[in-house]
Amino acid sequence: MNTAIHRGTANLQATDARSLPIRQVAYLRKNAGDVAQSLISRGVHNLAGHLIEQWDPRLSIQSLSNVHRLSGDAIQTHSVDAGKRLILPGLAGEELRRWDARGNHWRTRYDDQLRAVAIDENDQENVETFTYADPSANPAFNLRGQMIKQVDQSGTLEPGSFSLQGSPLSESRTIAGAGIFSSNRRYSPLGDLLIQTDSGGHRQRLHYDIAGQLKQVVLQLSAGESQTVLQDAQYNAAGQILMQTAGNGVISRWTYCPADGRLTTLKSGKPDEALQQNLHYFYDRMDNILRIEDHTLAPVYFANQRVDGHREFIYDSLYRVTCTRGFEGEVPNLESGLPELIKPVDPGRRYGYVEDFTYDDGNNLIELRHQREGNNFTLRMRIDPESNRGVRWKTGDPEPDFKTLFDPHGNQSSLQDGAQALIWNAWDQLEKVTLLTHSNGLADDGESYLYSQGERVCKRHVTHTRSMTHSREVLYLPGLDIHTRDDGRVLHVITLPLAFGSVRCLHWASGGPGDLEPDQLRYSLDDHLGSCTLELDRHGALISLEFYYAFGGTAWWAARSEVEADYKTIRYSGKEMDCSGLYYYGARYYAPWLWRWISPDPAGDVDGLNLYAMVNNNPIVFTDSDGRMRETPEERAVRKTRSEERQRARAARSALNQAAYKHTQIVKLSAHRARDAQRQILNHGSAAALGSSTAIRVGTHVAGQVFSYGVGIGIGIGTAALGVAAGPVGVAAGLATGIAAKKAVSFGVDWASERAGLSTSVKLKSGKLDPQRIISKGEYKTMDLVPYASGKLKGVVKGVMDMNRKGLLKGGKEGGSLAVSVGLKVAGAPMASEMSGGLSVLLGLPEIFHEVMGAAGELTPEKIAKLDANINGLIGVLQDSMNNVAAMFAAHGVEAINTFSYIPSKFHKASGDTVESLTRMTDSAINELRNTQKLLHAQPSRVAPQ
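Counted the way the numbering used here counts, the sequence shown spans residues 2 to 947.
Right, here's the structure in full:
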C-alpha cells in the first residue's frame, strides 16, 4: 500500500445545528506526490429533517431530490439518472397509484387485509392478479392467508402448499407458450432446504451440520441412481469454509489470516496430483486486494516479457481501481462477448498487459488506456453533462444525443453506436435485444425475455435466414433450467450448490450431441468474487479455464473442446452471459465492455449518487449479488445469514398471528355456543322459555324466507325485463338469476341470524360443544358470509350422503325448495314464486317441529354426562391453546400483534392483541362454559329418571 497516496485524505463531514449532514468532502489523490483534490457533496434537509436535495461534486444541479409525506416516506423522487416517479400512498403506507416519467400509470388494488389483489397498468386492467386462500382452505397445506395464485404477463404461478415458516413446498408455474411445470421442496424445522424435486423429476438432497452449514449434497436424476456431488465440508468457528471435498474427489482448502480473518490462500486439487487451483491473496490496510498470485500457471516468455499468472491492482485515495496488471489472449477483447477460444487448453499462449483507468468527478469511468507490446489503445466514454448517462465515444465522433440514446428513466436504447436496439417494458426490465438487423426484408434476429416476481423466467432467441427460422428457448425454474431448440433437442441443466461454488449437471431429455458425455457433471472452481475460473468433469479433469479483466470482460479463455465450451454460460461473478454479451444480475443488466450498468440502480442511491457505476469502481473487492447493492463476499455471507434469520423471524411471527387468530375464533365460538346451550337448557326446564324460543325460531325462519323471496322476485323481474330482447333466453336468465339471488339471500339471512343467536336450535345439542367439532367443523360459523355459505352447503351435502336425520331434514328443506321452485317456474304455473316461497316456509317447519318435540322431552342422564364431558374437555382445550399462544409470545419477544389502526397514531394507539387481552377473552369464554354447567345441574325437575 502506497501510504503517500492516502496521507491527509480523510473524509470530512459538516453538519447543521440538528447534527444532520449538509456537506461531505472527499480528498482525491491519484498518484503519490499529487496535490489532493477536494470533491464536495451537498445535502439539504427540510424542517422535519428529511433529506430533500443532494448534489454530487460534478453536476451544477441536484442529482436527486425527494418530496416526503408527513410520515417521512418519499412520495416523489427526481433523479438525473433515473428520472421522475410519483406515488400516491394509502393510510397504511401501501402504494395505491404510481406515475413515472415514461408516461406509465399503475393502480394497485388491495383486499381488507391490505394484500395486493390486482395491478392495473395504464389502460389495461389486471396485468397482475393475486389470489389468497380464505379461512376455509385445507389447514393441512398451511394455505390460509397465503397467496395461492399469481397471474402476470409471463403466465401463472400457483403454490400448492407451504411450510410452517411460509416457504412454498410445492408450486406449479405456467409459462406462456411453454407449458406447465411443477416442483416440490421439503424444509427442515429451521427453514433449511432438505429436498428439492424439480419439474424434470430430478431430486436434490442437502444435508447440514449442527450449525446449519451445508455438509453434503446428493443428486438423483429422474431415471438414475443417486450420486454424491458434495462429499464433505468443514468450517471454522467464524463460519468460514476451511475444506470441501467434491464428488469428483477434488479437495479445496482455504486459509485465513489469524489477525483479521481475510482469505490468504485457496488451493484445489486431487490427492497426490498437481493442484488445479493455487491462489495467494495480498491486501492493503483497508482490505483492498493488491496482488493475486496464481501458482498453477508457469511463467512464459514473449517479446522480451516474462508473463506469469499473477495480477496486480493499484487504487486511488477513494479506493477506486486505477491500474491493473494481468494477462490476456492474443487479441484483446474490446467489445461485447468472448474472445477467440483457445483449444485445446494451452496456458502458454498468454500476453501481459497494463490498464490504467481515469474517472471524472462524478465517479464515471471515462477512459481506459491499454498498454501491451504491439497492441496499445485507448477507450473512452462520453458522459452526459446533465447526468451520469454515458456511451462509448472516440475522437472524431459527433457529440452524443443523450435524449435519444436513453429513455426518460435512463435505460440505454442501444448497445453499439445505434445498433443492437434495446426495448424495455413498463417496469424498466429489458424486454428484447436486437442482435442483428437484416436489410433484406427479413425480421431482425433478437432475444426476448419474460419476468415474474422481479426475476427472469424465460429467454427466447430467434434468428432468421431466407430459407428458415431458428429458435432457442431457456426456461428458468426452481433448481432447473430447460434449454430447447427447434431441432428437437431438450437439455435439462440442474444446478446444485456446494459449500463454495456449484455443480451443473447437463442431462439431455431429448437429442444431444454425440461427442458430449451424457449427464455430464461440471464442477465450478470459483475465485474470491464467485467468478467461474475452472470447470472440472466428474473425474476431476479440466473442461475449461477462463480469466477476466478487472471489470468483468473475459481476458483469456480455453476449453478442451468447442462443443463443451458452447455449454458454459455461468462466468463473471457467477452470473449468466447472454448472446448480447450482457450479464444478467437479476434487477438489471451489466455491460462489462462499457464498465457500467445499462440502466440506473432500481434501489436508488444506496451506493452513491452515480446510479450506473459498477460497485463504486472497485470490482476487485466488491460484488453485486442482484444489481442493487455492492458488498464484499464476506459481507454478502453475513447478509445472507441475517436474511435467513429475518425470514425465520417473519415466519415465526406469521405462525404467531395464525395461532392467535385461530385461538380467538375458537374462543368466540365456544362462548357463543355456551350461551346457546344455556338457552336450550332453559327450554328443557321451562314451558315459557320453550314457547319464547319456538316463537323466535319460527319467526326468524318465516321472516327470512319472506325477505329472500322478495329480493329474488325483484332481481328476477329486473333481469328478465332486460333480457326480453333476447327472447326466451332472456326470460330464462331472469328466472335463474332470481332463484340464485333468493338462495344467496337465504344464506345471508342464516349467517346474520346465526350471529344474533336467532336461529339457534330450541333443543339441547350436546355435540355442539364437542371440542373436536368446534376446532375442525365449527369454524365456518365464525367466518365471513362467503366462506360461511360454502361451509354450510358442504355440511348439508355431507349430512345427506351420511343418511343421518339432521342431514336429511336440511337436505330436504334446501333441495326440495330449489327443485320445486325451478319446476314451477319452468312449467309456467300461476303464482309460481308465491307457491315456491310458501313451500320453502313449510319445508323448514319439520326441522323446527323436530327440535321442539325434542326440547319438550326430558334431559337424559347420558346427555347430561355427555355435555359435562364436552364442556370439561373444551375448557381444557381453551386453556392449552392459551398457554401455547402465550409461550409463542414469550419465545418471540412480542408484546402485541395486530396493532394496525386506520386512525393516525397521534390521535389513537391501537393496543392490538396481547397475552393479557387474549387471556381475558379466554377466561370469559371459560366462565360462560362453567355457567352452562351450573345451569345444567340446577334444572332437575324435568330430567328423566334413570
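A virtual CB, placed ideally from N, CA and C, is assigned to each residue, including glycine.
| query | result |
| --- | --- |
| Rank P58, A49, G50, A37 by C-alpha distance to the C-alpha of R43 and give the top, closest one. | P58 |
| Does M469 come out as helix, strand or coil in the three-state DSSP assignment? | coil |
| Taking only runs that begin and end inside the segment 574-660, name each unbroken beta strand (DSSP E) of 3 or more residues, in chain order. | 590-592 |
| Hey, could you find the ends of the alpha helix (DSSP H) P862 is sitting in? | 862-893 |
| Please report how far the alpha carbon of I876 lies from the alpha carbon of A892, in whole angstroms. | 24 angstroms |
| Measuring CB atoms only, is the segment 535-548 touching the segment 466-476, in the sense that at least three cross pairs come out at less than 8 angstroms? | no |
| Give the secondary structure of L930 by DSSP, where H, G and I count as helix, E and B as strand, and everything else as coil. | helix |
| Please return the same chain residues whose Cβ sits closer than 8 angstroms to the Cβ of I53, not counting the five positions on each side in sequence. | V45, H46, N47, S66, N67, V68, H69 |
| Name the DSSP bridge partner or partners of S253? | Q245, S269 |
| Tell me, to the nearest whole angstrom, how far the beta carbon of S581 is from that of S337; I am working on the premise that it is less than 8 angstroms. | 6 angstroms |
| If you follow the beta strand (DSSP E) that D233 is part of, which residue opens it and which one closes it? | 227-236 |
| Out of S253, P601, L765, point me to the one whose CA is closest to V85's CA. | The identity of residue 85 in the sequence shown is Lys, whereas the question assumes Val. The shortest C-alpha separation from K85 is found at P601. |
| Compare the Cα-Cα distances from I94 to each of T109, D82, A239 and report the closest residue. | Here residue 94 turns out to be Gly, not Ile, going by the sequence shown. For G94, the nearest C-alpha among the options comes from T109. |
| Quick one: Cα of I367 to Cα of N618, how far? | 11 angstroms |
| Which whole-angstrom value describes the C-beta separation of Y550 and L507, a residue pair presumed to lie in contact below a C-beta threshold of 8 angstroms? | At roughly 28 angstroms, the Cβ-Cβ gap does not stay under 8 angstroms, so Y550 and L507 are not in contact. |
| Using only CA atoms, which one of L497, K766, R490, D309 lies nearest to G512? | R490 |
| For Q166 and V895, what's the separation of their Cα atoms in angstroms? | 17 angstroms |
| Grab me the residues of P348's own chain with a C-beta within less than 6 angstroms of its C-beta, minus the 5 sequence neighbours each way, in chain order. | L298 |
| Flag this pair as yes or no: are the beta carbons of D317 and I6 separated by less than 8 angstroms? | yes |
| Bridge partners of Q125, per DSSP? | E122 |
| With which residues is E368 paired in a DSSP beta bridge? | T359, R381 |
| Which of the three DSSP states is assigned to D677 in this structure? | helix |
| Hey, could you find the ends of the beta strand (DSSP E) V218 is sitting in? | 215-221 |
| Using a Cβ-Cβ cut-off of 8 angstroms (strictly less than) and excluding sequence neighbours within five positions of A102, which residues of its own chain qualify? | G84, K85, R86, P409, H410 |
| Please state whether DSSP places A15 in a helix, a strand or coil. | strand |
| Distance check for L478 and I181, CA to CA, integer angstroms please. | 11 angstroms |
| So L406 is in the beta strand (DSSP E); what residue range does that whole segment cover? | It is not in any beta strand (DSSP E) - L406 instead sits in the alpha helix (DSSP H) that spans 403-406. |
| Out of G50, R8, Q25, I41, which has the shortest C-alpha to C-alpha gap to A33? | R8 |
| Return yes when the Cβ of L526 is within less than 8 angstroms of the Cβ of Q214, no when it is not. | no |
| Of the choices F378, D74, R931, G363, whose alpha-carbon is the least far from that of L60? | G363 |
| Are F403 and S414 closer than 8 angstroms when you measure CB to CB? | no |
| Check this for me: beta carbons of T16 and R30, under 8 angstroms apart or not? | no |
| List the residues that DSSP assigns as beta-bridge partners of K663. | The partner list for K663 (beta bridge, DSSP) is empty, contrary to what the question assumes. |
| Report all residues from its chain with a CB closer than 7 angstroms to the CB of V301; omit the five preceding and five following residues, and keep chain order. | V308, G349, R351 |
| Whose CA, out of P772, A304, L919, lies closest to the CA of N873? | P772 |
| Does the Cβ-Cβ distance between V332 and P340 come in under 8 angstroms? | yes |
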